[in-house]
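Engineer: Going by the UniProt record's numbering, the letters in the sequence shown line up with residues 1 to 423, in that order. Pasting in a structure now, in structure tokens, and then I'll have a few things to ask.
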Amino acid sequence: MHIVVVGGGVVGVTTAWELNRRGHQVTVIERHDVAGNETSKGNAAQRSYGVVYPWADPSMVFKALPWLFKQDGPLKLRMPPSVEAVKFMFATLRYAWSPGLFGLNRRAMLRLGIHSRERFLKLEQELDLEFDGDHKGLLHLASTPEALEGYRDVHNLLTELGIPSRLLSPEQVREVEPGMVGGGPLYGALSYDTDGTGDCHLFSRALANACEEKGVEFRYNVEVDNLIAGEHRVDAVALRNADGEREILKADAFVISAGCWSPTLVRPIGLDLPIYPIKGYSITVPLKNQEHAPFSTIHDDNYKVVSTRLGDRLRATGFVELADFNRDIPEARIATIRKSVESRYPGCADLDAAETWTGFRPMTPDGPAIIGQGPRENLYLNTGHGTFGWTLSAGSADVIARVIDGETSPVNLDAFRPGRFQE
Ligand SMILES: Cc1cc2nc3c(=O)[nH]c(=O)nc-3n(C[C@H](O)[C@H](O)[C@H](O)COP(=O)(O)OP(=O)(O)OC[C@H]3O[C@@H](n4cnc5c(N)ncnc54)[C@H](O)[C@@H]3O)c2cc1C
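Next comes the structure, spelled out in structure tokens:
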């Protein structure tokens with residue numbers, strides 16, 4: 001089959017790779033001039049298979065409210081909020097308060113996480129891609145006794161699902177992370193032993209190159225304006241290049257992996273995808289003192305900032321902000337991220353010289369991504385991966401490729417079904 005994938009972020013590129021492996025002819029349409037240049041560019045770099053959880057977390061609803069009013073608080077809401085932001089928040093509350101839903105969705109996402117880890121390991125065996133990738137584990141620090149207590153439940157759930165994790169004392173944390181010489185509060189940590197890291201942007205570009213070598217066509221600087229669909233099938237996509245030239249591209253099947261921009265493509269054919277762009281920020285900086293840098297990746301629950309080692313660089317990321325598609329980078333946000341890094345890894349890098357970035361998590365109001373067949377027989381979706389698209393990309397790509405080929409998915413896809421927001 002000739003299959004068009006709309007979007008060349010990490011999800012579109014991994015999807016293209018899996019479809020090509022299965023013998024399909026694949027064309028990827030990407031409006032940027034390289035792959036992985038939107039949300040997949042400057043993310044926290046964690047392949048956190050054991051951490052994945054739904055956005056609509058009932059335990060967060062009351063905890064999160066005071067964060068809105070704290071200078072360094074991780075949650076931000078642009079005032080006055082837009083209609084879209086308010087609608088998204090209400091939808092989130094509805095899902096958070098649906099009895100039992102969080103637990104079901106969390107298990108579904110963790111199972112996809114386990115599958116994604118397997119697919120990444122396979123892919124990395126097959127291809128020698130350079131993306132500063134590793135699987136050296138991940139630490140969630142506990143800066144309060146209550147945080148450590150909360151990690152016990154997570155540890156039990158992971159054990160039940162066969163995902164290795166350990167609760168560490170502060171002394172053990174310092175052994176695992178000898179560079180963490182700062183004096184931030186520390187009561188212990190949960191170690192996700194088999195989780196990993198990697199530069200998602202480098203990976204997307206390297207995998208796109210590997211795809212091209214295998215015959216996948218990447219059409220860069222080309223935007224899909226709309227789908228051309230009949231009652232039962234999508235016939236083509238209407239394209240426009242940087243010079244404004246238009247073209248109709250026909251194919252046998254279509255996959256939408258356009259991240260935050262997916263809803264506008266499918267709304268005209270009757271599918272409502274309530275994906276909202278949840279903004280975050282990152283800094284990336286060369287390390288000047290490698291011994292005092294993170295060994296792998298740590299989540300500092302004191303500031304809710306993630307610091308990740310990427311070879312000889314440090315990436316630190318934070319904030320969950322509802323500001324629609326606003327791309328400003330206020331100095332106050334970057335200052336909080338710097339403060340977190342300095343409190344744990346003082347002197348590891350010249351943080352004032354860091355490259356800054358902002359991007360939008362393609363978030364669904366319940367949390368699971370949107371994976372499966374759409375409202376036409378040859379239309380498929382692999383999008384809405386929110387906070388965990390890098391982590392889940394390899395698994396979701398394999399799953400959607402199997403769905404397209406009419407095979408049974410190794411992961412139950414109920415939680416991810418595209419039509420769930422209209423039920
Ligand atoms: C601050 C922050 C930290 C994060 N940290 C992590 C992390 O540590 N681990 C993790 O797993 N995830 C993390 N994420 C989430 C992760 O980055 C995303 O889930 C993932 O990048 C989404 O990939 P995607 O391919 O779906 O979307 P994108 O990367 O946004 O790709 C979509 C692509 O589609 C293209 N496109 C859109 N519309 C069109 C069109 N009409 N025509 C042509 N092209 C189009 C866009 O240009 C874009 O390149 C983080 C996100 C943020 C913002």
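For each residue, glycine too, the CB sits at the ideal point set by N, CA and C.
1. How about residue 392 and residue 52: are their beta carbons less than 8 Å apart?
2. Apart from the five residues just before and just after residue 188, which ones in its own chain have a Cβ nearer than 7 Å to its Cβ?
3. For the beta strand (DSSP E) containing residue 125, list its first residue and its last residue.
4. Quick check: residue 278 and residue 248, are their CB atoms within less than 8 Å of each other?
5. Is residue 31 closer than 8 Å to residue 222 when the C-beta atoms are compared?
6. Within 7 Å: the Cβ of residue 116 and any heavy atom of ligand 1?
7. In or out: residue 109 buried (at least 16 other Cβ within 10 Å) or exposed?
8. Is any heavy atom of ligand 1 found at a distance shorter than 7 Å from the C-beta of residue 356?
9. In angstroms with no decimal places, state the Cα-to-Cα distance between residue 54 and residue 106.
10. Would the stretch 206 to 225 count as touching the stretch 349 to 364 if we require 3 or more Cβ pairs under 8 Å?
11. Looking only at its own chain, which residues have a Cβ that is under 6 Å from the Cβ of residue 120, when we skip the five neighbours before and after it?
12. Which stretch, first to last residue, makes up the alpha helix (DSSP H) that contains residue 172?
13. Keeping to the same chain, check which residues put their C-beta closer than 6 Å to that of residue 113; ignore five residues upstream and five downstream.
14. Using DSSP bridges, identify the partner residues of residue 192.
15. Output needed for residue 133: all residues of its chain with C-beta closer than 6 Å, excluding positions within five of it in sequence on either side, in chain order.
16. In the structure shown, what three-state DSSP assignment does residue 131 receive?
17. Starting from residue 88, trace the alpha helix (DSSP H) in both directions and tell me its first and last residue.
18. Would the stretch 297 to 311 count as touching the stretch 265 to 275 if we require 3 or more Cβ pairs under 8 Å?
19. Residues in its own chain within less than 6 Å of residue 324 by CB, not counting five upstream and five downstream?
20. Check whether the Cβ of residue 385 sits closer than 7 Å to any heavy atom of ligand 1, and report yes or no.
21. By DSSP, does residue 326 sit in helix, in strand, or in coil?
22. Below 8 Å, how does it come out for the stretch 274 to 291 and the stretch 231 to 240: are there three or more Cβ pairs, yes or no?
23. Is it right to say residue 366 is buried, meaning 16 or more other beta carbons lie within 10 angstroms of its own, or is it exposed?
24. Does the distance from the C-beta atom of residue 256 to that of residue 6 stay below 8 Å?
25. Tell me residue 318's beta-bridge partners as DSSP assigns them.
26. Among 364, 388 and 333, which residue has its Cα nearest to the Cα of residue 85?
27. Would you mind reading off the limits of the alpha helix (DSSP H) that contains residue 429?
28. Do the stretch 69 to 79 and the stretch 313 to 329 touch if we need at least three Cβ pairs shorter than 8 Å?
29. If you follow the beta strand (DSSP E) that residue 76 is in, where does it begin and where does it stop?
30. Assuming residue 176 contacts residue 207 (C-beta within less than 8 Å), just tell me the rounded distance between them.
31. When DSSP builds the beta bridges, which residues end up paired with residue 380?
32. Starting from the C-beta of residue 130, find all residues in its chain whose C-beta is less than 8 Å away, skip the five residues before and the five after it, and write them out in chain order.
33. Quick check on this structure: which residue in 316, 380, 416 and 181 has the alpha carbon closest to the alpha carbon of residue 405?
34. Identify which residue in 262, 340 and 59 has its Cα closest to the Cα of residue 293.
35. Where residue 122 and residue 20 are concerned, what is the direct C-alpha to C-alpha distance, given to the nearest angstrom?
Structural biologist: Taking the geometry as given:
1. For the 8 Å CB-CB criterion, residue 392 and residue 52 form a contact.
2. Cβ within range, chain order: 142, 148, 167, 168, 169, 170 and 173.
3. Per DSSP, residue 125 belongs to no beta strand (DSSP E); it is in the alpha helix (DSSP H), 101 to 126.
4. No. Outside cutoff.
5. Cβ distance < 8 Å, so residue 222 and residue 31 count as in contact.
6. The answer is no for residue 116.
7. Taking a 10 Å sphere around the C-beta of residue 109, we find 16 or more other C-beta atoms and assign the residue as buried.
8. For ligand 1, not one heavy atom lies less than 7 Å from the Cβ of residue 356.
9. Rounded to the nearest angstrom, the gap between the Cα atoms of residue 54 and residue 106 is 6 Å.
10. They do not touch, by the three-pair rule.
11. Cβ within range, chain order: 394.
12. 170 to 176 is the span of the alpha helix (DSSP H), which, as asked, contains residue 172.
13. So the qualifying residues of the chain are 49 and 52.
14. DSSP lists 138 and 165 as the bridge partner or partners of residue 192.
15. Closer than 6 Å at Cβ, skipping near neighbours: 198.
16. It is coil, neither helix nor strand.
17. Looking at the DSSP string, the run of the alpha helix (DSSP H) that includes residue 88 is 83 to 96.
18. The stretch 297 to 311, when compared against the stretch 265 to 275, does not touch it at the 8 Å Cβ threshold.
19. Around residue 324: 82.
20. Yes, the beta carbon of residue 385 sits closer than 7 Å to at least one heavy atom of ligand 1.
21. In this structure, residue 326 counts as coil in the three-state DSSP scheme.
22. No, the stretch 274 to 291 does not touch the stretch 231 to 240.
23. With 16 or more other Cβ atoms within 10 Å, it is buried.
24. Taking the C-beta atoms as reference points, residue 6 is found nearer than 8 Å to residue 256.
25. The beta-bridge partner set that DSSP reports for residue 318 consists of 281 and 305.
26. Closest by alpha carbon: 364.
27. Because the chain spans 1 through 423 in this model, residue 429 falls outside it and cannot be assessed.
28. Touching, per the Cβ criterion.
29. Counting along the chain, the beta strand (DSSP E) containing residue 76 begins and ends at 75 to 77.
30. The Cβ separation is near 30 Å, so there is no contact.
31. Partner(s): 255 and 373.
32. Hits under 8 Å: 202 and 206.
33. Residue 380 is the option with its Cα nearest to residue 405.
34. The shortest C-alpha separation from residue 293 is found at 340.
35. Residue 122 and residue 20: Cα-Cα distance of roughly 15 Å.
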